[in-house]
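Read through the structure below, which is laid out as structure tokens, and then see the notes.
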Amino acid sequence: MKILIIQSAFIGDVILALPLAEAVKQSFPESEIHFLTLPAYKKFVEKHSAVYRVIPDDKKGGNRCPVNFLSFCAKLRKEKYDITLVVHRSFRSALMARLAGIKKRVGFDISPGSFFFTEKVKYEQASHEIERNLGLARRAGFDAWDGKWNMPFDEDFEEAEFGVPPSESRAEKPLAVISPFSNWGTKRWPAEYWIKLIDLLGRDFRVAAAGAPGDVEGWREIKKAVDGEVMDFVGETDFLELAALIKNADILVTGDSAPLHLASAYGVPTVAIFGPTVPAFGFGPFRQKNIILQKTLPCRPCNIHGPQKCPLGHHRCMRDISPGEALGAALQLLDETRK
Numbered sequence: 057m058k059i060l061i062i063q064s065a066f067i068g069d070v071i072l073a074l075p076l077a078e079a080v081k082q083s084f085p086e087s088e089i090h091f092l093t094l095p096a097y098k099k100f101v102e103k104h105s106a107v108y109r110v111i112p113d114d115k116k117g118g119n120r121c122p123v124n125f126l127s128f129c130a131k132l133r134k135e136k137y138d139i140t141l142v143v144h145r146s147f148r149s150a151l152m153a154r155l156a157g158i159k160k161r162v163g164f165d166i167s168p169g170s171f172f173f174t175e176k177v178k179y180e181q182a183s184h185e186i187e188r189n190l191g192l193a194r195r196a197g198f199d200a201w202d203g204k205w206n207m208p209f210d211e212d213f214e215e216a217e218f219g220v221p222p223s224e225s226r227a228e229k230p231l232a233v234i235s236p237f238s239n240w241g242t243k244r245w246p247a248e249y250w251i252k253l254i255d256l257l258g259r260d261f262r263v264a265a266a267g268a269p270g271d272v273e274g275w276r277e278i279k280k281a282v283d284g285e286v287m288d289f290v291g292e293t294d295f296l297e298l299a300a301l302i303k304n305a306d307i308l309v310t311g312d313s314a315p316l317h318l319a320s321a322y323g324v325p326t327v328a329i330f331g332p333t334v335p336a337f338g339f340g341p342f343r344q345k346n347i348i349l350q351k352t353l354p355c356r357p358c359n360i361h362g363p364q365k366c367p368l369g370h371h372r373c374m375r376d377i378s379p380g381e382a383l384g385a386a387l388q389l390l391d392e393t394r395k
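Mapping of the sequence shown onto our numbering: residues 57 to 395, in sequence order.
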């Protein structure tokens with residue numbers, strides 16, 4: 057059986073779709089799973105043991121052209137897929153599944169273009185995104201998932217940075233990984249709060265900072281104001297290396313962003329700082345030990361992503377969460393983990 061999974065949104069969404077591939081593989085071990093996503097995520101996804109092949113969709117480049125898009129769909133048609141699971145809730149993805157000539161097309165009922173699906177699954181707003189995605193698998197007859205993500209990571213990076221097995225120094229002082237950045241402005245905790253938190257964490261943890269190449273400039277402003285030592289990985293890791301870094305963390309402190317989902321995959325205790333968005337959207341921590349820091353405000357939530365600027369100008373949803381609260385949550389999780 058040949059199955060196509062379509063998810064070409066953000067990397068966090070792609071991470072949350074990989075348990076779906078695992079569920080299909082566990083249900084039908086002989087199945088051939090292809091995963092359609094953005095070119096930037098190809099190297100990461102193709103390392104997943106359940107994925108046979110990654111189909112890169114350059115939808116922001118060449119495939120924006122209607123002629124190229126139709127040609128791309130024609131190539132998909134030649135693959136003769138038996139089933140497609142359309143995780144991405146977009147008209148384009150639904151249309152693509154139809155033009156690819158796949159007979160069984162399973163997607164969410166709220167998706168624009170859901171009329172292209174042969175089977176629709178109710179989008180359960182109150183459920184976690186992973187559970188929602190697994191609903192697609194169940195509708196298609198793939199109902200086996202043992203809860204293991206088998207998330208890929210860079211083994212060479214892990215060995216170089218942490219040793220295999222981890223060195224004794226790690227046991228002496230636990231590792232806290234911080235991820236201060238987001239593509240969405242209002243999801244970012246103020247820089248001065250991160251500066252204070254890094255100094256506070258340094259008393260009890262080794263601190264490592266993670267971020268994408270686009271975060272380097274913002275990180276410089278934070279780093280130069282920090283008194284303590286920080287392991288600097290901002291702009292220095294690809295997704296597989298980032299996964300290895302988070303896998304080896306004792307604690308992750310992050311906002312509503314992709315590292316949170318990697319921590320879920322590895323069961324890393326997580327302090328999650330939520331401002332304009334809320335975990336009830338389905339993108340919070342999944343099953344790992346966690347403490348969610350958020351404030352009850354009449355203006356929350358803004359929307360599913362969070363705008364670039366606070367519509368009311370005060371950004372209280374993030375500014376009212378103090379560095380002391382984040383430190384307390386990290387120490388509490390560390391204590392619970394060691395019991």
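Glycine included, every Cβ here is placed at the ideal spot set by N, Cα and C.
Bear in mind that the values here come from a model prediction, so they are computed numbers and not experimental data.
What residues in its chain sit with their C-beta under 8 Å from that of residue 381, if we drop five residues either side in the sequence? 349
In this structure, does DSSP put residue 202 in helix, strand or coil? DSSP places residue 202 outside both helix and strand once states are collapsed to three, so it counts as coil.
Could you check whether residue 60 and residue 132 sit closer than 9 Å to each other, using their CB atoms as the reference points? It is a contact, given that the beta carbons lie within the stated cut-off.
Local conformation of residue 375 per DSSP, three classes: helix
Given a threshold of 16 other Cβ atoms within 10 Å of its Cβ, counted over all protein chains shown, does residue 304 qualify as buried or as exposed? When all chains shown are included, residue 304 counts as buried.
For residue 298, count neighbouring C-beta atoms within 10 Å of its own C-beta (all shown protein chains included) and say buried if the count is 16 or more, exposed if not. Buried, since its Cβ has 16 or more Cβ neighbours within 10 Å.
Given this structure, state the Cα-to-Cα distance separating residue 58 from residue 101, to the nearest angstrom. In a straight line, the C-alpha of residue 58 is about 17 Å away from that of residue 101.
Taking just the CA atoms, how far does residue 188 sit from residue 110? 22 Å
C-alpha distance - residue 88 paired with residue 77, whole-angstrom precision: 10 Å
Minimum C-alpha distance to residue 379 - residue among 250, 267, 265 and 357: 250
Grab me the residues of residue 129's own chain with a C-beta within less than 7 Å of its C-beta, minus the 5 sequence neighbours each way, in chain order. 152, 155 and 156
What residue does the alpha helix (DSSP H) around residue 72 start on, and which one ends it? For residue 72, the uninterrupted alpha helix (DSSP H) run begins and ends at 67-83, by DSSP.
If we call anything under 9 Å between Cβ atoms a contact, is residue 237 one with residue 268? yes
What does DSSP give as the partner residue(s) for residue 61 in the beta ladder? 91 and 141
To which residues of the same chain is residue 204 closer than 8 Å at the C-beta, ignoring the five residues directly before and after it? 78
Inter-stretch contact at 8 Å, needing at least 3 Cβ pairs: the stretch 307-322 / the stretch 335-344: yes
For the putative contact between residue 258 and residue 365, defined by C-beta atoms under 8 Å, what is the C-beta separation to the nearest angstrom? Between residue 365 and residue 258 the Cβ distance is about 31 Å, and since that is not below 8 Å, they are no contact.
Compute the Euclidean distance between the alpha carbons of residue 158 and residue 140, then round it to the nearest angstrom. 7 Å
Taking the alpha carbon of residue 235 as the reference point, which residue from 327, 148, 336 and 149 has its own alpha carbon closest? 327
Would residue 331 and residue 311 be called neighbours here (beta carbons separated by less than 9 Å)? Residue 331 places its beta carbon less than 9 Å from that of residue 311.
Three-way DSSP call (helix, strand, coil) for residue 343 in this model: coil
So, is the C-beta of residue 62 closer than 9 Å to a C-beta in chain D? Within the model displayed, chain D is absent; a lone protein chain is all it includes.
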